[in-house]
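Here the structure comes first, spelled out in structure tokens, and everything after it is commentary.
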Amino acid sequence: MAIKPKLSDAPRIRLALRLYKISAYVTGTLLLLLVVEVILKYTGIHREIYFGSPQGIIALVPWNPADLRATTSGLNVSLGILIAHGWLYVVYLFMDFRLWSLMRWPFTRFIAIALGGVVPFLSFIVEHFIAKQANAELAALEATAPATPKAEVATN
916 MAIKPKLSDA PRIRLALRLY KISAYVTGTL LLLLVVEVIL KYTGIHREIY FGSPQGIIAL
976 VPWNPADLRA TTSGLNVSLG ILIAHGWLYV VYLFMDFRLW SLMRWPFTRF IAIALGGVVP
1036 FLSFIVEHFI AKQANAELAA LEATAPATPK AEVATN
């Protein structure tokens, strides 16, 4: 027998679902940017993205794997993408945990959602199916709820 979420948690579930969806899109977008950054840096291209460097406003600056010191001035966008994805993945995990705990899903679903932020494009796919399932379960829960009687208005 599956454990169902509490009807009283419906507003919190809706908020958790909304925040999860936002974090899934942000994490997925940053992961795609991270893939581009890794391709630029670790394939034969050996470039990093810099903002405000002497080479231009946005420039692909040569990167030497043997010399890890900064070779140019400016903001290292490649490093920024890496750091932002790392921290926002933690936010994604928290939103995953919040939705998972309110929906009272099995632990394997938590792990499946968490993996969505690690594999490129997967967060968008997982978000679609999780949101669809959460909305369906929430609608079914609200449909089985007893109707609350409305207070009758006294007419004088």
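With my numbering as the guide, the letters of the sequence shown map in order to residues 916 to 1071. Yeah, the Cβ is synthetic: ideal placement off N, Cα and C, and Gly gets one too. Since the structure is predicted, the reported quantities are computational estimates derived from the model, not experimental observations.
Three-state class that DSSP yields for residue 1039 in the structure shown
As a first step, residue 1039 must be located in the sequence shown, where it is residue number 124. DSSP places residue 1039 in helix when its eight states are reduced to three.
Taking the alpha carbon of residue 992 as the point to measure from, which residue in 945, 923, 979 has its own alpha carbon closest?
For the purposes of this step, residue 992 is taken as residue 77 along the sequence shown, with counting starting at 1. That would be 945, whose Cα lies nearest to the Cα of residue 992.
Answer yes or no: do residue 1040 and residue 1028 have a C-beta to C-beta separation smaller than 7 angstroms?
The residue you call residue 1040 lines up with position 125 of the sequence shown. The residue you call residue 1028 lines up with position 113 of the sequence shown. Their beta carbons are not under 7 angstroms apart, which means residue 1040 does not touch residue 1028 by this criterion.
So what does DSSP say about residue 1027, is it helix, strand or coil?
The count along the sequence shown starts at 1 and reaches residue 1027 at position 112. Of the three classes helix, strand and coil, the one that applies to residue 1027 here is helix, per DSSP.
Could you tell me whether the Cβ atoms of residue 958 and residue 1032 are closer together than 7 angstroms?
Along the sequence shown, one-based indexing puts residue 958 at 43. Along the sequence shown, one-based indexing puts residue 1032 at 117. Contact: no.
So residue 976 is in the beta strand (DSSP E); what residue range does that whole segment cover?
Your numbering for residue 976 matches position 61 in the sequence shown. From DSSP, the beta strand (DSSP E) with residue 976 extends over 971-977.
Rounding to the nearest angstrom, what Cα-Cα distance links residue 1010 and residue 955 in this structure?
Within the sequence shown, the letter at position 95 stands for residue 1010. Within the sequence shown, the letter at position 40 stands for residue 955. Going from the Cα of residue 1010 to the Cα of residue 955 covers about 31 angstroms.
Tell me where the beta strand (DSSP E) around residue 964 begins and ends.
As a first step, residue 964 must be located in the sequence shown, where it is residue number 49. Element bounds for residue 964: 962-968.
Rounded C-alpha distance that separates residue 995 from residue 964
Start at 1 with the first residue of the sequence shown, and residue 995 comes out as number 80. Start at 1 with the first residue of the sequence shown, and residue 964 comes out as number 49. Taking the straight line from one Cα to the other gives about 10 angstroms.
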